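K.L.:
Following this message is one structure expressed as structure tokens.
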Amino acid sequence: MEEAYRVFPIEDALEMVLMFDRTGRISYANAAARKKLGYEGGGEEQGEALEGRHIGDIFPNTFQSASDGFATDYPFGREVRHLVAYRRNLTCFPVETRILSIGSQQVTYICMADDILEREHLGRQIEQVREEARQAEKVKSEFVANVTHELRTPVNGILGNVRELLSGEDNARIGKPLRLIERCCGDMNKIINNILDFSKLDAGKFTLEPQRFHFRNMLDYVRAQHISRITEKGIDFFMTVSPQIPEYVVGDELRIVQILNNLLSNALKFTSMGKITVQALRTARVGEQMELFFIVTDTGIGFGEEDQDKLFQSFSQADASISRKYGGTGLGLYICRQLVELMGGRIEAEGRKNEGSVFSFSIWVEACEEENRAGADDVKAVFLKMAEQSRESTGDEREYGSPRNRELLEKNLSKLILCVEMENWEKAEMFMETVRQLTQEAPDQVKRCVLRLKMAIQKEDYDKAAAEYEKLKQGSQDSGRAALSV
128 MEEAYRVFPI
138 EDALEMVLMF
148 DRTGRISYAN
158 AAARKKLGYE
168 GGGEEQGEAL
178 EGRHIGDIFP
188 NTFQSASDGF
198 ATDYPFGREV
208 RHLVAYRRNL
218 TCFPVETRIL
228 SIGSQQVTYI
238 CMADDILERE
248 HLGRQIEQVR
258 EEARQAEKVK
268 SEFVANVTHE
278 LRTPVNGILG
288 NVRELLSGED
298 NARIGKPLRL
308 IERCCGDMNK
318 IINNILDFSK
328 LDAGKFTLEP
338 QRFHFRNMLD
348 YVRAQHISRI
358 TEKGIDFFMT
368 VSPQIPEYVV
378 GDELRIVQIL
388 NNLLSNALKF
398 TSMGKITVQA
408 LRTARVGEQM
418 ELFFIVTDTG
428 IGFGEEDQDK
438 LFQSFSQADA
448 SISRKYGGTG
458 LGLYICRQLV
468 ELMGGRIEAE
478 GRKNEGSVFS
488 FSIWVEACEE
498 ENRAGADDVK
508 AVFLKMAEQS
518 RESTGDEREY
528 GSPRNRELLE
538 KNLSKLILCV
548 EMENWEKAEM
558 FMETVRQLTQ
568 EAPDQVKRCV
578 LRLKMAIQKE
588 DYDKAAAEYE
598 KLKQGSQDSG
608 RAALSV
């Protein structure tokens, strides 16, 4: 019988296989069982054979010797059970077992056991690594939070003192560096806030705080925060709200403002001429829940289709040169996406290089009053089409000598020379960048004049800047007359 068992494939099976009868005596053990239990000598050495031993020697916690063979409460069957197996030297290890009973008259028991010692050890190691990773993540999050809070204290201290100095300072030369410090402190606070938000979102500890608020007042607040800087740059700014949006809604006003501020700041950062528009409309309603759709359009540098996937990734920007030229951490749009998704919506972007971009996002809020229902999809399509037309309508601004180009060039040159007269060189540089973009397609002599004017402004050379301004203004007028004669 033993030789017959050895012919079966179970002899070379990876799991241990034991056979025993009613008396509990083991009649067969395969190679894996003999090796793992320390009986590799088989019957060749006295006392080394596994066959003939009692099953209780292998599983003493489960099978006990009795007058009629063995006593056990093991539920024989195919269900896997966890037992402890003992080796010949009385050391033990965990196993997963299935013990089947075969036959009715002469019952034979077949025990199949799998050594899980290595698996349990690896499992403990993996759990330990996971716990260490969780602790490291916790320490990192706490470190980031502590450092950003520590940074905010001195930054706010500097900002407060600078504003106090500015309130009583009339000297333009002293006021300029103070305003620069004030601006840098504001930028630093924005970076700190972004890092804190990123840390909370990454740790899954960010929670929304919905409350009732006046929707149009919220948009007025957003507009007031940006209108001054946008118009100072010579850019038009428009904001429209659908009448279908109720006066009051329930949502996280602070985070909606944060998303809009981020998108508008990006639009302003990357736009030197043209316009920026914000549109808000209602696109769906389910009971008291309402979907709001926002569109932010600009006529700035835009982006290529190959860069679209990078926009909403953390610490990523479409082009490395963007961070060098315009600054930024690459966290703003990532945070916007996370916030939008927390509000049950999604954010998308469309754009073309040097032709502007359109950022749109949707969120779900709760209405505070009954409103008339409308065709949401049609309204959404109309507003998106309006945004596209708005972006395309500014295409001739970069065509040097076109009526729109001459109008914008004269307007920005007037603002530029006014800043030069007032020795506000910082704002002069801002208008200079717009002038540079408006003259990208100009003749070489005009471009050289623009370059000389830019260098004069950077050196804060009033006489040189005024002379180059007159040359550039004359060149602009000559190009306009040439275009008319054609």
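Quick note: the sequence shown uses this note's numbering, first residue 128, plus one each step.
Glycine residues also receive a C-beta, built at the ideal position from the N, C-alpha and C atoms.
Everything numeric in this text was worked out from a predicted model, so none of it was measured.
#1: Could you give the DSSP three-state label for residue 453: helix, strand or coil?
#2: For residue 244, which of helix, strand or coil comes out of DSSP?
#3: Closest by CA to residue 387, which one among 306, 253, 460 and 139?
#4: How is the alpha helix (DSSP H) around residue 353 delimited, first residue to last?
#5: Which residues in the same chain have their Cβ closer than 7 Å to the Cβ of residue 158, if we skip the five residues on either side of it in sequence?
#6: As a quick exercise: from 581, 492 and 393, pick the residue whose alpha carbon is nearest that of residue 336.
#7: Less than 8 Å separating the beta-carbons of residue 110 and residue 231?
#8: Does the Cβ-Cβ distance between residue 240 and residue 142 come in under 8 Å?
#9: Should residue 599 go down as buried or exposed, given a rule of 16 or more other Cβ atoms within 10 Å for buried?
#10: Are the Cβ atoms of residue 360 and residue 566 separated by less than 8 Å?
#11: Under 8 Å between the Cβ atoms of residue 399 and residue 564?
#12: Three Cβ pairs or more, each shorter than 8 Å: is that satisfied between the region 311-321 and the region 275-291?
#13: Measure the alpha-carbon distance for residue 412 versus residue 426 and round it to whole angstroms.
#14: Spell out the partners DSSP gives residue 411 in its beta bridges.
#15: Using a Cβ distance threshold of 8 Å, determine whether the region 180-189 contacts the region 151-165, with at least three qualifying pairs required.
#16: Return the chain-ordered ranges of every alpha helix (DSSP H) run that is complete within the region 545-572 and spans a minimum of 4 residues.
#17: Going by C-alpha distance, which of 487, 572, 376 and 458 is nearest residue 338?
#18: Could you work out which residue in 190, 201 and 213 is closest to residue 161 when comparing CA atoms only?
#19: DSSP on residue 123, reduced to helix/strand/coil?
#20: Taking the C-alpha atoms as reference points, what is the distance between residue 177 and residue 188?
#21: Buried or exposed: which applies to residue 571, given that a residue is buried once 16 or more other Cβ atoms fall within 10 Å of its Cβ?
#22: Count the other CB atoms, across all protein chains shown, that sit within 10 Å of the CB of residue 294; report buried if there are 16 or more and exposed otherwise.
#23: If we ignore side chains and look at the alpha-carbon of each, how far apart do residue 480 and residue 438 end up?
#24: Quick one: measure Cβ to Cβ for residue 394 and residue 372, integer angstroms, because I've assumed they're closer than 8 Å.
#25: Measuring alpha carbon to alpha carbon, tell me which residue in 194, 475 and 458 is nearest residue 420.
#26: Return yes when the Cβ of residue 354 is within less than 8 Å of the Cβ of residue 364, no when it is not.
#27: Leaving out five residues on either side along the sequence, give the residues of the same chain with a beta carbon under 6 Å from the beta carbon of residue 483.
#28: Assuming residue 477 contacts residue 485 (C-beta within less than 8 Å), just tell me the rounded distance between them.
#29: Under three-state DSSP, which class holds residue 169?
#30: Report the residue from 537, 549 and 471 whose alpha carbon sits nearest the alpha carbon of residue 299.
#31: Compare the C-beta of residue 340 against all C-beta atoms of chain D and say whether one is closer than 8 Å.
#32: Under 8 Å by Cβ, that's how I've got residue 199 and residue 210 pegged, so tell me the actual separation to the nearest angstrom.
#33: If you drop the 5 nearest sequence neighbours on each side, which residues of the same chain put their C-beta closer than 8 Å to that of residue 596?
#34: Can you give the beta carbon distance from residue 415 to residue 494, rounded, assuming they're within the 8 Å contact cut?
#35: Determine the extent of the beta strand (DSSP E) in which residue 223 is found, giving its start and end residues.
P.N.:
In short, the structure shows the following:
#1: Residue placement at residue 453 is poorly supported in this model, since its pLDDT is 48, which falls under 50; the coordinates still yield a value, given next. Residue state, collapsed to three classes: helix.
#2: helix
#3: 460
#4: 342-359
#5: 138 and 139
#6: 492
#7: Residue 110 is absent from the structure shown; the chain starts at 128 and stops at 613.
#8: yes
#9: buried
#10: no
#11: Yes, these two residues count as a Cβ contact at 8 Å.
#12: yes
#13: 32 Å
#14: Note: residue 411 sits in a beta bridge opposite 418.
#15: Under the 8 Å Cβ criterion, the region 180-189 counts as touching the region 151-165, having at least three qualifying pairs.
#16: 552-565
#17: Residue nearest to residue 338 within the set 487, 572, 376 and 458 is 376 (criterion: CA-CA distance).
#18: 213
#19: The structure shown has nothing for residue 123, since the chain only spans 128 to 613.
#20: 18 Å
#21: exposed
#22: exposed
#23: 14 Å
#24: Incorrect: roughly 22 Å between the Cβ atoms, too far for contact.
#25: 475
#26: In this structure, residue 354 lies closer than 8 Å to residue 364 by Cβ.
#27: Correct list, in chain order: 425, 426, 427, 429 and 518.
#28: 5 Å
#29: Only weak support is given to the placement of residue 169: the predicted model assigns it a pLDDT of 49, under 50, and the value that follows is read from those uncertain coordinates. Looking at residue 169 - three-state DSSP - the assignment turns out to be coil, as it is neither helix nor strand.
#30: The shortest C-alpha separation from residue 299 is found at 549.
#31: The structure shown contains no chain D, having only a single protein chain.
#32: For a cut-off of 8 Å, the C-beta gap from residue 199 to residue 210 is around 11 Å, too long to register as a contact.
#33: So the list reads 540, 543, 544, 547 and 580, once near-sequence residues are dropped.
#34: Yes, they are in contact, since the Cβ atoms of residue 415 and residue 494 sit about 6 Å apart, within 8 Å.
#35: 219-229
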